[in-house]
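Position one of the sequence shown corresponds to residue 89 (this note's numbering), numbered consecutively onward.
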Amino acid sequence: MIGLCLGLTGAVWAQLPISHFTLAWNHTIEKIRWEEDYRVTETGLVLEEARVRGNGAGMAIPEEAWLKDGSWHYHPKLLPLQPLNLGRTPEAGDYQLCFNNQCRAMSQWVGSPTSSQPFIQLWTCKTGSKEVQ
């Protein structure tokens, strides 16, 4: 089975046997929640929908976005990402990984963000275990 790997430059720090997830965080300046829904595929992570609760510094809402339940929703048109590169520092706070109707800090699987390791990558990988329920 394929799933989600977390780590850096091919070194696996954690594996999650999931087929889809939401990556969520608060914008470092505006403190506005941002969410992106990904599907895990053989060719990479497919960004299916994104949501943001407002706009501000570096947060332009796309013209095709629609407002629903207090968030702007839109469908980014990107090729599968393999890997997805994320900046991760103590000053910015942690990302959340959400799946199976529950959100958890990324630090649950890979430890807290540190200044000495300010990046992390997410990619599709073979997990060898059943999907997390």
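No residue lacks a Cβ here, since even glycine has one placed at the ideal position from N, Cα and C.
Only counting the same chain, and skipping five residues up and downstream in sequence, which positions put a Cβ closer than 6 Å to that of residue i?
i, result
"V100", "C93"
"L174", "I208"
"E136", "D125, R127"
"N143", "I149"
Indicate the three-state DSSP secondary structure (helix, strand or coil) for residue i in the structure shown.
i, result
"Q223", "Residue 223 lies beyond the stretch modelled for the chain, which goes from 89 to 221, so this question has no answer here."
"Q196", "helix"
"E151", "coil"
"E179", "coil"
"L167", "coil"
"G132", "strand"
"N173", "strand"
In terms of residue numbering, what span does the beta strand (DSSP E) encompassing residue i cover?
i, result
"D125", "121-129"
"Q103", "99-104"
"S159", "159-162"
"G90", "As written in the sequence, residue 90 is Ile, which differs from the Gly given in the question. Start and end: 90-96."
By Cβ distance, which residues of its chain are closer than 8 Å to residue i, with the 5 residues on each side in sequence left out?
i, result
"R176", "D182, Y183, M194, P201, Q205, P206, F207, I208"
Who are residue i's beta bridge partners in DSSP?
i, result
"Q190", "F187"
"T202", "Q205"
By how many angstroms is the C-alpha of residue j removed from the C-alpha of residue i?
i, j, result
"E187", "L167", "Contrary to the premise, residue 187 reads as Phe rather than Glu in this sequence. Roughly 22 Å separates the two Cα atoms."
"E124", "T97", "23 Å"
"L169", "V128", "10 Å"
"S159", "I120", "10 Å"
"H161", "H115", "16 Å"
Can you find the residues in the same chain that come closer than 7 Å, C-beta to C-beta, to residue i, ignoring five residues on each side of it along the sequence?
i, result
"E152", "Y162"
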